[in-house]
Structures are given as structure tokens and as C-alpha cells.
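Convert by adding 8 to the 1-based position in the sequence shown; the result is the number in our numbering. Even for Gly, the Cβ is constructed at its ideal location relative to N, Cα and C.
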Amino acid sequence: MSLGQHLVELRRRIMWAALALIVGMVVAFFITDPVIHLITEPLRVVAATEGEEAKVELMFSTVTAAFDLRLRMSFAIGLLISAPIWLWQIWAFIMPGLTRKEVRYTVGFLAAAIPLFFAGCAVGLVIMPHIVELMASFVPQGAASFYDAAYYYDFVFKLLIVVGVAFVLPVFLVALNVAGVMSGRAILKGWRVAVLISVVFSALATPAADVVSMLMLAGIMVVLFFAAAALSLLFDRRRARRDAAILPPETGA
């Protein structure tokens, strides 16, 4: 294909991806109520714990704040709903330029990265109520807690994204091993650094007082790191065995 044909093909793929995103946003707009109910469950738990006199409410500080929040949520949820379509459009555009081996590696990477990302989001959703409840415990007695809706949503959304991306990082280590950049032994040698980074990241992603959530998140990340190292060592062994079968044995003079 010529450059012009590639650009036409790219425009067609982008249009289909954008159309899928718009449809996903429209669908997501009508399901924002259950999502808001889900992420605000910790607030109701805090209110029930503190008693009838406690004020724990979501606050919309401007006239359009509620509508703006629903639009932002619609975009995020619509992006997830339409992911199969726009991911396919990206894949269909770049696949003709890949070799069969690269196609196989890319499919394997996506097959591992996507479930791990959503697993990380699920872990973030489990951790989030503990964080909210713990932080609410520091509110002085007799005071009221009014959470700005946009800030609260940003907190939940960023927590889920950060934890989800953290779960995908071991897949990048395996990808570097497959590409020949790092050996499995080199990855395993950095286990001390990996444990330290996992603990520091977990401490930053969770409140300092929430030790249980921090240890749980750090433990899962350490397990994923060692799983990536073990898989890389397995790939190295297979690669060495294949190279030994291809190279002819040395003969003496």
C-alpha cells in the first residue's frame, strides 16, 4: 500500500474506533447511577458506623457538577465498553506489518496484560473502601464530612488505574525477556529492588495508616514479579535448548 492508502486506512480505523467510543459513552451514561452507588458504598458504611448524627455525603459544588461528573464517568466506562472494537481497529491496522512470530508474541502479551489490568482494578476496588473508612476515622467527633464529587471520583478512578497498571508491569518484564533485552536470571537478581519498589509503591498508593491494604497490594505485586521471573527463566531454558539443537556439535582437530 502507498502512503496515501495507509492514511486512508488509518482514517477509516480511527472513525470506527471513535464511533464505538461514542456508542459506548451513550450506553455508559445510562448506567452511571449503579456505578456511583458502588463507589459511594464506603460513605454509607462510614455514616452507619458514626451513627445518625454523622454527616457523610457526596457534594456537588456547582450547578453543572453532577452532569460534568456523569460525562467524565461515561467517557471512562465507554472506553472500557468499546475496548474490544477500538483494540481490534488498532490491531487490524498494525497486524499486516508484523511477522508471524511478532503476531504471536503480541497476542500473548495482550492475553496476559488485559486480564491482569482488570484484576488490578478489582484489587483496587477491594482496597478503596478500607482507605475511605480509615481516613474518615480521623474526622473529629461532631464534625461533618462532605466529599466533593469530582475529587472523590478522581481518587477512586486514579487508584483503580494505578493499581491496574502496576499489575501489568510484570508482563513488560516478560516482554523484555522475549525480546532478548533481559535474561530471566538478570530479572531474578533484581528481586530485592523489586520488593522495595513494590512496598514503596503500595505505601504511596494506600494511606500510611492502612497497613493491611499496603501489605496486601505489595504482596500481590511481589508474587507477580516472581511469576514473571520464573516464566522468563523457562523461556531462557527453552531458547538455550533450541539453540543447542540448531548449532552443530564441535569436533576436535
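Query: Spatially closest choice to L225 from L27, M136, P92 and H14, by CA coordinates; Result: M136
Query: Continuous alpha helix (DSSP H) stretch holding F146: start and end; Result: Taken as a continuous stretch (DSSP letters only), F146 belongs to no alpha helix (DSSP H), as it is neither H nor E.
Query: Given 8 Å, three or more beta-carbon pairs between the stretch 194 to 201 and the stretch 145 to 159; Result: no
Query: Nearest-angstrom Cα separation, counted from A100 out to H14; Result: 12 Å
Query: Counterpart residues of L212 in DSSP-defined beta bridges; Result: Note: L212 sits in no beta bridge, so no partner.
Query: Minimum C-alpha distance to V173 - residue among A127, M222 and V186; Result: A127
Query: Closest residue to V207 among R193, I195 and L223 (Cα-Cα distance); Result: L223
Query: Rounded C-alpha distance that separates R249 from F209; Result: 37 Å
Query: Segment contact flag, the stretch 187 to 196 with the stretch 135 to 154, C-beta cutoff 8 Å, min 3 pairs; Result: no
Query: A121 versus P178, R78, A211 and V140, residue with shortest Cα-Cα distance; Result: P178
Query: Close-in-space but distant-in-sequence residues of the same chain around L239 (CB under 6 Å, 5 per side omitted); Result: V182
Query: Simplified DSSP state of F265, which is helix, strand or coil; Result: With the chain running from 9 to 261 in the structure shown, residue 265 is simply not present.
Query: Close Cβ partners of L29 (< 7 Å) along its chain, the five nearest in sequence each way excluded; Result: G86, L87, S90 and W94
Query: C-alpha gap between L46 and A211, whole angstroms; Result: 25 Å
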